[in-house]
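**Student:** So the sequence lines, in the order shown, correspond to chains H and X.
FYI, numbering that gives the first Met the number 0 numbers position 186 of the first sequence as 185, with every residue one higher than the one before it.
FYI, numbering that gives the first Met the number 0 numbers position 24 of the second sequence as 23, with every residue one higher than the one before it.
All C-beta atoms, glycine included, are put in the ideal place defined by N, C-alpha and C.
The structure displayed is predicted, hence computed values, not measured ones.
2 protein chains.
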Amino acid sequence: MKNILLLEDDLQLNDTIKQFLEYKNYKIYPAYDAYEAKDILYEQKIDLMLLDIKVPYQNGFDFLTEVRAEKNSTPAIFITSLNSVDDVTRGFDIGCDDYIRKPFALKELLVRIEVIFKRQVINLQKSIDLNNGYSFDFEKRLLLYNNKTLNIRTKEMKLLILLLENPNKLLSYNDIFNELWEYDEIPSHGSLRAYISTIRNILGKDKIETLKYVGYRYVKQ
Amino acid sequence: MKNILLLEDDLQLNDTIKQFLEYKNYKIYPAYDAYEAKDILYEQKIDLMLLDIKVPYQNGFDFLTEVRAEKNSTPAIFITSLNSVDDVTRGFDIGCDDYIRKPFALKELLVRIEVIFKRQVINLQKSIDLNNGYSFDFEKRLLLYNNKTLNIRTKEMKLLILLLENPNKLLSYNDIFNELWEYDEIPSHGSLRAYISTIRNILGKDKIETLKYVGYRYVKQ
DNA sequence: AATGTAAATTAACATATGATTAACACAGAC
DNA sequence: GTCTGTGTTAATCATATGTTAATTTACATT
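Put into structure tokens, the structure is as follows:
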């Protein structure tokens, strides 16, 4: 569950947004002035800030400026009735991630929040843990051993991916041939045996089951 | 210089945006219908798409849907007079990066474009230290040796930047070809090998890892 | 058009790599 | 026991890649 700091001094609007987003399964920390907001930011693990600009003690621009100066890069959205282009510019210059003008539809706010969270997910690397210190990063095509990259050959890589993507599924020799060898290449059963041997050394012997005459199966759990 | 595809069938508006952004040092490829846009997208290295929705042959939503289906993740901004919240939602669902309502201020468009480009620059540092007295200034695109600028050829420069901007990431031959050679040039594998050789002499031999049959990887740390 | 120049490419050769094969081991079926 | 399918490892060898120099190309200058 994501934690959202909501800085908005209008009690009514603050509550409306809070209820709506809580209904959408976010945890909302409401603040009604800049000091409160700063306290919350220090005390809670905040994933996103929704910031009004005209709030007591310190305006939202200065607030975010300070936060960013402290190397805090938590995503921020300004929600404000200041809607001159210069205000928008200033907002983005300070380092906000989006700028929404009042009045706005709650659903649009939700959409823009979700976009920001989705964006972050994309930047996270997708890698899966294998046993004994090995892990495999699909995106980078890297095999890691205790966080050190390991070289792995193309066909072995393809076979490893094929196996990992089909856990507990029987892969016939033909399935594997079609995946590893191009249409104009001649598949080699001997090579396959050699590759399986190599990969068993990575995944562990018992992780790949042999089905005589038929193929192999990657056994998960 | 960033290349921007502009899909907008209103001739007047298309030209206004084009002139404004060209003044701001972007290269604009104008399209007046979905087919033109698709042609440009295939032929040019596009860094950002500005998409109107109501355009001839195919609407902007369907256009982006198709582009995304082809695993093209070039950032996109919808610029449109469709401004119901559902339209905004649909836009973000398809995978746009921002959604601007008409009428809009050109400066705000610029700000939102710049935010997207800034977001992409993972490497915020302006210059990085390489080993043995070399350093590279991203902003000025200069290679320095003991603080003296060094001459480096354009394609080698592009390759160096590509590598430095994608640390530990596998860059396929095709990735590199697309970056170094224009659409109407024929990439040369031999040249690439020569460039890699040159850059290895700068970065150090072991900084660029070869993945046979696949591509190269700049190894950081 | 002739010349100069820098960059890009090609060429030629050296080196390294990885797909395959070969050789042998082992296990189970008969 | 033999036969057959598979496992394992090392050796082979074609080919991908590395390197440097030579050549071509592109383009500015005279």
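1) Just tell me which of H:Lys1, H:Leu109 and H:Phe77 has its CA closest to the CA of Tyr98 of chain H.
2) Using only CA atoms, which one of X:Thr88, X:Lys17, X:Lys1 and X:Thr64 lies nearest to Asp8 of chain X?
3) May I ask you to report which of helix, strand or coil DSSP gives Leu104 of chain X?
4) How is the beta strand (DSSP E) around Met48 of chain H delimited, first residue to last?
5) At which residue ranges does the stretch 65 to 100 of chain H contain complete alpha helix (DSSP H) runs of 4 or more residues, listed in the order of the chain?
6) Name, in chain order, the residues that DSSP records as bridge partners for Glu208 of chain X.
7) Applying the 10 Å Cβ sphere with the 16-neighbour rule, what's the burial state of Leu123 of chain X?
8) Could you have a look at Gln124 of chain H and say whether DSSP puts it in helix, strand or coil?
9) Using 8 angstroms as the limit for Cβ to Cβ distance, is Val114 of chain X near chain H?
10) Looking at the strands, I want to know which residues DSSP matches up with Asn2 of chain X.
11) Ile201 of chain X and Leu129 of chain X look like a contact to me (Cβ under 8 angstroms); what is the Cβ gap, rounded to whole Å?
12) Which residues in chain H have a C-beta closer than 9 angstroms to the C-beta of Lys106 of chain X? List them in chain order.
13) Which chain X residues are close to Val110 of chain H, counting only those with a beta carbon under 9 angstroms from its beta carbon?
14) What are the residues in the stretch 185 to 213 of chain X lying within 9 angstroms of chain H by C-beta distance?
15) Output the distance between the C-alpha atoms of Tyr182 of chain X and Gln43 of chain X, rounded to the nearest integer angstrom.
16) Roughly how many angstroms separate the alpha carbons of Leu4 of chain H and Val110 of chain X, rounded to a whole number?
17) Could you please give the first and the last residue of the uninterrupted alpha helix (DSSP H) stretch that includes Phe176 of chain X?
18) Taking 8 angstroms as the threshold (beta carbon to beta carbon), is Thr153 of chain H in contact with chain X?
19) Would you kindly report the start and end of the unbroken alpha helix (DSSP H) that includes Tyr34 of chain X?
20) From the DSSP output, read off the bridge partner residues of Lys147 of chain X.
21) Please check if any C-beta of chain H sits within less than 8 angstroms of the C-beta of Leu123 of chain X.
22) Please report the distance separating the alpha-carbon of Ala193 of chain X from that of Glu155 of chain H.
23) Below 6 angstroms CB to CB, which residues in the same chain sit around Gln57 of chain X once its five sequence neighbours on both sides are set aside?
24) In chain order, what residues of the same chain have a beta carbon less than 6 angstroms from the beta carbon of Leu20 of chain H, not counting five sequence neighbours either side?
25) Under 8 angstroms by Cβ, that's how I've got Leu162 of chain H and Tyr217 of chain H pegged, so tell me the actual separation to the nearest angstrom.
26) Hey, how far is the Cα of Leu159 of chain X from the Cα of Gln220 of chain H?
27) Taking the beta strand (DSSP E) that Tyr133 of chain H falls in, what are its first and last residues?
28) Counting C-beta neighbours from all protein chains within 10 Å, is the total for Asp96 of chain X 16 or more, i.e. buried, or is it exposed?
29) Under the three-state reduction of DSSP, which class applies to Leu159 of chain H: helix, strand or coil?
30) DSSP three-state call for Leu191 of chain H: helix, strand or coil?
31) Opposite Leu129 of chain X in the DSSP bridges: which residues?
32) Taking Cβ positions, are Gly214 of chain X and Asp174 of chain X nearer each other than 8 angstroms?
33) Does the beta-carbon of Ile121 of chain X have 16 or more other beta-carbons within 10 angstroms, so that it is buried, or is it exposed?
34) Buried or exposed for Leu50 of chain X, please, with buried defined as at least 16 other CB atoms from any protein chain shown within 10 angstroms of its CB.
35) Smallest Cα separation from Val114 of chain X: which of H:Lys117, H:Ile127, H:Thr88 and H:Ser134?
**Tutor:** According to the data block:
1) Of the residues H:Lys1, H:Leu109 and H:Phe77, the one whose Cα lies closest to the Cα of Tyr98 of chain H is H:Phe77.
2) Per the Cα distances, X:Lys17.
3) It should be noted that the sequence gives Ala, not Leu, for residue 104 of chain X. Here Ala104 of chain X sits in coil by DSSP.
4) Residues Leu47 to Leu50.
5) Runs of the alpha helix (DSSP H) lying entirely within the stretch 65 to 100 of chain H, each at least 4 residues long, are 84 to 93 in chain order.
6) As a beta-bridge residue in DSSP terms, Glu208 of chain X pairs with X:Arg216.
7) Note that Leu123 of chain X scores a pLDDT of 48, beneath 50, so its modelled location is shaky and nothing firm can be said.
8) Only weak support exists for where Gln124 of chain H lies, its pLDDT of 49 falling under 50; the value from the coordinates is given anyway. Here Gln124 of chain H sits in coil by DSSP.
9) Val114 of chain X counts as touching chain H.
10) In the DSSP assignment, Asn2 of chain X is bridged to X:Lys26.
11) With a Cβ gap of about 7 angstroms, Ile201 of chain X and Leu129 of chain X count as contacting.
12) Within 9 angstroms Cβ-Cβ: Val84, Asp85, Val87 and Thr88.
13) The contacting residues are Val84, Val87, Thr88, Gly90, Phe91, Asp92 and Tyr98.
14) So the close ones are Glu208, Leu210, Lys211, Tyr212 and Val213.
15) Rounded to the nearest whole angstrom, the C-alpha separation of Tyr182 of chain X and Gln43 of chain X is 6 angstroms.
16) Answer to the nearest angstrom: the Cα atoms are 25 angstroms apart.
17) Its alpha helix (DSSP H) spans residues Tyr172 to Leu179.
18) In terms of beta-carbon proximity, Thr153 of chain H lines the interface with chain X, with at least one pair separated by less than 8 angstroms.
19) Element bounds for Tyr34 of chain X: Ala33 to Glu42.
20) In the DSSP output, where bridge partners are listed per residue, Lys147 of chain X has X:Tyr144.
21) Because Leu123 of chain X sits at a pLDDT of 48, beneath the cut-off of 50, its placement in the model cannot be relied upon, and the point is left open.
22) Cα to Cα, the separation comes out at about 28 angstroms.
23) Same-chain partners within the cutoff: Ala33.
24) Taken in chain order, the residues that qualify are Ile27.
25) Contact between Leu162 of chain H and Tyr217 of chain H holds: CB atoms are separated by about 4 angstroms, below the 8 angstroms threshold.
26) Cα-Cα distance, rounded: 44 angstroms.
27) Residues Tyr133 to Asp136.
28) The residue in question, Asp96 of chain X, is buried, as its Cβ has 16 or more Cβ neighbours within 10 Å.
29) Correct three-state label for Leu159 of chain H: helix.
30) Under the three-state reduction of DSSP, Leu191 of chain H is assigned to helix.
31) Paired residue(s): none; Leu129 of chain X is not in a bridge.
32) Against a cut-off of 8 angstroms, the Cβ pair of Asp174 of chain X and Gly214 of chain X comes out as a contact.
33) Caution is warranted here: a pLDDT of 49 is assigned to Ile121 of chain X, below 50, making its placement in the model unreliable, and the coordinate value is therefore given only provisionally. Exposed is the call here.
34) Burial is judged here by how many other beta carbons sit within 10 angstroms of a residue's own beta carbon; Leu50 of chain X has at least 16 and is buried.
35) Minimum Cα distance to Val114 of chain X is reached at H:Thr88.
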